[in-house]
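Chemist: Chains as they are written, first to last, in the working numbering: chain B, 4 to 311; chain E, 388 to 626. We put the beta carbon where it would ideally sit given N, CA and C, even for glycine. This structure is a prediction, so every number in the text was calculated from the model and none was measured.
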Amino acid sequence: MTTLQPPVAVRRSPAPSPPKRSRRSWTGWGFIGPFVLVFALVFLAPIVYSVYLSLFRDQLIGGTTFVGLDNYEQALKDDQFWASLGRVSLFLAVQVPVMLGISLLIALALDSGRLYGKDFFRIAIFLPYAVPAVVATLMWGFMYGTRFGLVGDINEAFGITLPDPLSTDLVLASIGNIVTWEFVGYNMLIFYAALRVIPHSLYEAAEIDGAGQFRVITAIKLPAIRGALVIATIFSIIGSFQLFNEPNILRQLARNAITTDYTPNFYTYSLSFNGQQHNYSAAVAIIMGLITMVIAYVVQLRGMRKEA
Amino acid sequence: MSGTSSTSGMSSPATTASPPASVHAADATKEAPRLRTPRRNTPGRPPRSVLLTVLTGLVLLYAVVPLVWLVISATKTQEGLAESSGLWFGDDFALWDNISQTFTYNDGIFFRWLLNTLLYVVLGAAWCHLPGDPGRLRAGEVRLPREARGVRRGRRCRRRPGNRSRRPHLPDVQQDGSDRQPLGGDHPLARLALRPLSDVGLRDRGHPGRTSRGRPHRRSRMRRAPSSRSLCRCSPPAS
Numbered sequence: 004m005t006t007l008q009p010p011v012a013v014r015r016s017p018a019p020s021p022p023k024r025s026r027r028s029w030t031g032w033g034f035i036g037p038f039v040l041v042f043a044l045v046f047l048a049p050i051v052y053s054v055y056l057s058l059f060r061d062q063l064i065g066g067t068t069f070v071g072l073d074n075y076e077q078a079l080k081d082d083q084f085w086a087s088l089g090r091v092s093l094f095l096a097v098q099v100p101v102m103l104g105i106s107l108l109i110a111l112a113l114d115s116g117r118l119y120g121k122d123f124f125r126i127a128i129f130l131p132y133a134v135p136a137v138v139a140t141l142m143w144g145f146m147y148g149t150r151f152g153l154v155g156d157i158n159e160a161f162g163i164t165l166p167d168p169l170s171t172d173l174v175l176a177s178i179g180n181i182v183t184w185e186f187v188g189y190n191m192l193i194f195y196a197a198l199r200v201i202p203h204s205l206y207e208a209a210e211i212d213g214a215g216q217f218r219v220i221t222a223i224k225l226p227a228i229r230g231a232l233v234i235a236t237i238f239s240i241i242g243s244f245q246l247f248n249e250p251n252i253l254r255q256l257a258r259n260a261i262t263t264d265y266t267p268n269f270y271t272y273s274l275s276f277n278g279q280q281h282n283y284s285a286a287v288a289i290i291m292g293l294i295t296m297v298i299a300y301v302v303q304l305r306g307m308r309k310e311a
Numbered sequence: 388m389s390g391t392s393s394t395s396g397m398s399s400p401a402t403t404a405s406p407p408a409s410v411h412a413a414d415a416t417k418e419a420p421r422l423r424t425p426r427r428n429t430p431g432r433p434p435r436s437v438l439l440t441v442l443t444g445l446v447l448l449y450a451v452v453p454l455v456w457l458v459i460s461a462t463k464t465q466e467g468l469a470e471s472s473g474l475w476f477g478d479d480f481a482l483w484d485n486i487s488q489t490f491t492y493n494d495g496i497f498f499r500w501l502l503n504t505l506l507y508v509v510l511g512a513a514w515c516h517l518p519g520d521p522g523r524l525r526a527g528e529v530r531l532p533r534e535a536r537g538v539r540r541g542r543r544c545r546r547r548p549g550n551r552s553r554r555p556h557l558p559d560v561q562q563d564g565s566d567r568q569p570l571g572g573d574h575p576l577a578r579l580a581l582r583p584l585s586d587v588g589l590r591d592r593g594h595p596g597r598t599s600r601g602r603p604h605r606r607s608r609m610r611r612a613p614s615s616r617s618l619c620r621c622s623p624p625a626s
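#1: Can you grab the Cα-Cα spacing for the pair B:D114 / B:Y195, in whole Å?
#2: Which residues in the same chain as B:G292 place their Cβ atom closer than 6 Å to its Cβ, once the five residues preceding and following it in sequence are excluded?
#3: Please decide whether E:G654 counts as near chain B, where near means a Cβ-Cβ distance under 8 Å.
#4: Check whether the Cβ atoms of B:L141 and B:I252 lie closer than 8 Å to each other.
#5: Using C-beta distances below 8 Å, list every residue in its chain close to E:I459, excluding the 5 sequence neighbours before and after it, in chain order.
#6: Can you find the residues in the same chain that come closer than 8 Å, C-beta to C-beta, to E:E470, ignoring five residues on each side of it along the sequence?
#7: With a cut-off of 8 Å, does the C-beta of E:Y507 fall near any C-beta of chain B?
#8: So what does DSSP say about E:G473, is it helix, strand or coil?
#9: Given that E:T443 touches chain B, what residues does it touch there, using C-beta distances under 7 Å?
#10: Could you name the residues of the same chain whose beta carbon sits closer than 7 Å to that of B:Y265, not counting the 5 residues immediately before and after it, in chain order?
#11: First and last residue of the beta strand (DSSP E) that includes B:F59?
#12: Identify the contact partners of E:A450 in chain C, using a Cβ-Cβ distance below 9 Å as the criterion.
#13: Go through its chain and collect everything with a Cβ distance to B:A257's Cβ below 7 Å, but skip five positions before and after it.
#14: Can you list the beta strand (DSSP E) stretches of 3 or more residues lying completely in the stretch 202-258 of chain B, in chain order?
#15: Are the C-beta of B:S115 and some C-beta of chain E separated by less than 8 Å?
#16: May I ask which residues mark the beginning and end of the alpha helix (DSSP H) holding B:G144?
#17: What does DSSP give as the partner residues of B:T67 in its beta bridges?
#18: For chain E, find out if any of its Cβ atoms is closer than 8 Å to the Cβ of B:P37; answer yes or no.
#19: Would you kindly check if the distance between the Cβ of B:G188 and the Cβ of B:V97 is under 8 Å?
#20: In angstroms, rounded to a whole number, what distance separates the CA positions of E:A457 and B:W184?
#21: Ignore the nearest five residues each way along the sequence and tell me which others in B:R218's own chain have a CB closer than 8 Å to its CB.
#22: Taking its Cβ as the centre, do 16 or more other Cβ atoms sit within 10 Å of B:F71, making it buried, or is it exposed?
#23: Does any C-beta atom of chain E lie closer than 8 Å to the C-beta of B:G179?
#24: Please name the residue in B:F145, B:V287, B:A176 and B:V301 whose C-alpha comes closest to that of B:I50.
#25: If we count the other Cβ atoms within 10 Å of its Cβ and call it buried at 16 or more, is B:K80 buried or exposed?
#26: Per DSSP, what kind of secondary structure is B:Q280 in: helix, strand or coil?
#27: Taking the continuous alpha helix (DSSP H) assigned at B:I109, which residues delimit it?
#28: At a CB distance below 9 Å, what residues from the stretch 137-151 of chain B approach chain E? Give them in sequence order.
#29: I need the straight-line Cα distance from B:A110 to B:M146, nearest angstrom please.
#30: Along chain B, in chain order, which residues have C-beta atoms closer than 8 Å to that of E:L517?
#31: Using beta carbons (cut-off 8 Å, strictly below), is B:V41 in contact with chain E?
#32: Would you mind telling me which residues of chain E sit closer than 8 Å to B:D156, beta carbon to beta carbon, in chain order?
#33: Step through the CB atoms of chain B and report whether any lies within less than 8 Å of the CB of E:L457.
#34: B:V132: buried (16+ other C-beta within 10 angstroms of its C-beta) or exposed?
#35: Would you please verify whether the beta carbon of B:L153 is less than 8 Å from any beta carbon of chain E?
#36: Measure the C-alpha to C-alpha separation of B:H203 and B:A112 and round it to an integer number of angstroms.
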């Protein structure tokens, strides 16, 4: 009580202490109120409705009845569902590392400043992202054609027979190629933006320390953009699990290779809009959403934990 | 800094032990030129590399060739598309025909589509931003109780041992290059240059309450030094 010195020190301190605000200020809620309202309306309400739907079953005899968790039980025993999940998991395990790897290499190349025509590279590699997914898939679908497409042209020109990209064995890889083509530039831009904000003084310091290019990449650049890497990975994981457009459109060209339960999303779509099994479809969708959430969360935790 | 660098996962014992005396001697001879010609390789203007350009060019081809195919295909008729090679123009040049077909298709429904797109873009952007932006403002300006707690937690005078490695620095570069540092570690210039190594305050790795305010990385340096901040915030009022 009697010591007066510490308060004086407080006033002199150069570090501006954040303005005092009531910890229970309601001003903040005034700002996020509109967002929370819209969020509840367009995000939470549909989820609640799906959960509600998933607890019922609509039968010819007996009408709509409450069945509890029966739909979930059925989904967990559903081979079609697990097969589709396996497909997107394989897709995730192969396509996402390849795509992010290419993106990262390009971003590092751009950032190194050793390219001729850097700006041209940046914009040209980003260009595919500007093509709508539907157009991109149609385009690649035409090019994949062995009779009329680019693959057919190559076969004709060189007198060889390339394997049909739309055959059952290869169609997943073909879809992976389409997705990679679309999103390499997008992820490259995320990484490049993260690389650009690294303070230049670090590179100068590294040079004084005698660090080579490779060392600068592993010791400065990669650690610095870890946040961007994690974000891009999470986006890609979600995108993989939500794979729908590409198989849905390619199905017009490869009816035998792509079934209506090719991906989980496709499966729920078919269940709901072709099979009229809204309730079961809702259960499958919710399980899929939970799986996606868990995996994305694990990736985030891991990505953030590595910093320690 | 030497104390913190030992805790980092990046430093490998092999590199710290490796520099033999010969390296030291070789560097001693290099010392003078290094001081004189640092501009040759400044990070801002490294030499261009043909090899790297060619390798990146492969990805460029991957990205652009399908688009070229798309543009070329747009100039062909249905028959030409099937007959001619995909990557070069056919005998027919039907681009204008195709475009006018697009516009006149179904009594010009294409314009209706364009209008729909415009509507979607404008309303979508408004719908997205009107409710969202105040929320973003809040995230930047107003502190909720949770964040306030987070800041209080950072009020410890001294960094806890576990906190050290959180700030990435360049331990291995510094460590295995410590013999050949052209400027002594205590040289003011070297200190100036080395200081940021411990200050790579990555925005996304700190506490959200702290990072969202966009604090410049200089601040973290202040916190590191047991000076200003500890004076102002850590003195317990009860004592």
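Modeler: If we stick to the structure as given:
#1: About 7 Å.
#2: Within the same chain, B:G292 has no close Cβ partners at all.
#3: Here chain E comprises residues numbered 388 to 626, so residue 654 of chain E is not present and cannot be evaluated.
#4: The answer is yes: Cβ separation under 8 Å.
#5: Cβ contact annotation for E:I459 (same chain, cutoff 8 Å, sequence separation greater than five): G473, L474, W475 and F476, in chain order.
#6: Excluding positions up to five away in sequence, the list reads G477.
#7: For E:Y507, no CB of chain B lies under 8 Å from its own CB, so it is not counted at the interface with that chain.
#8: E:G473 carries a coil assignment under DSSP once its states are collapsed to helix, strand and coil.
#9: What E:T443 touches in chain B: I109, A112, L118 and F124.
#10: Closer than 7 Å at Cβ, skipping near neighbours: S87, R90 and P250.
#11: Counting along the chain, the unbroken beta strand (DSSP E) around B:F59 starts and ends at F59 to Q62.
#12: Absent here is chain C; the protein component of the structure consists of chains B and E.
#13: Contacts found: L169 and V174.
#14: Taking only runs of at least 3 residues, no beta strand (DSSP E) segment lies wholly in the stretch 202-258 of chain B.
#15: For B:S115, the answer is yes, since a Cβ of chain E falls inside 8 Å of its Cβ.
#16: Boundaries of the alpha helix (DSSP H) around B:G144: A136 to Y147.
#17: The beta-bridge partner set that DSSP reports for B:T67 consists of B:D61.
#18: So yes, B:P37 belongs to the interface.
#19: For the pair B:V97 and B:G188, the CB atoms are not nearer than the 8 Å cut-off.
#20: It is worth fixing the name first, because residue 457 of chain E is Leu in this sequence and not Ala. Looking at the two C-alpha atoms, the distance is approximately 14 Å.
#21: Short of 8 Å from the beta carbon of B:R218, and not among the five residues preceding or following it, lie these beta carbons of its own chain, in chain order: A209.
#22: According to the sequence provided, residue 71 of chain B is Gly. The question's Phe does not apply to it. B:G71 counts as exposed, since fewer than 16 other C-beta atoms from the protein chains shown sit within 10 angstroms of its C-beta.
#23: Judged by the 8 Å Cβ criterion, B:G179 is not in contact with chain E.
#24: With distances taken between CA atoms, B:I50 lies nearest to B:V287 out of B:F145, B:V287, B:A176 and B:V301.
#25: Exposed.
#26: Per DSSP, reduced to three states, the secondary structure at B:Q280 is coil, with no helix or strand assignment.
#27: The continuous alpha helix (DSSP H) containing B:I109 extends over residues D82 to S115.
#28: Near chain E, meaning a CB-to-CB distance below 9 Å, the residues of the stretch 137-151 of chain B are V138, A139, M142, W143, F145, M146, R150 and F151.
#29: For B:A110 and B:M146, the distance between alpha carbons rounds to 28 Å.
#30: Ordered by position in chain B, the residues that pass the 8 Å Cβ test against E:L517 are P37.
#31: Answer yes: the Cβ-Cβ gap between B:V41 and chain E drops below 8 Å somewhere.
#32: The contacting residues are S472, G473 and L474.
#33: So, interface residue.
#34: Residue identity check: residue 132 of chain B is Tyr in the sequence provided, not Val. It counts as buried.
#35: Judged by the 8 Å Cβ criterion, B:L153 is in contact with chain E.
#36: B:A112 has its alpha-carbon roughly 17 Å from the corresponding atom of B:H203.
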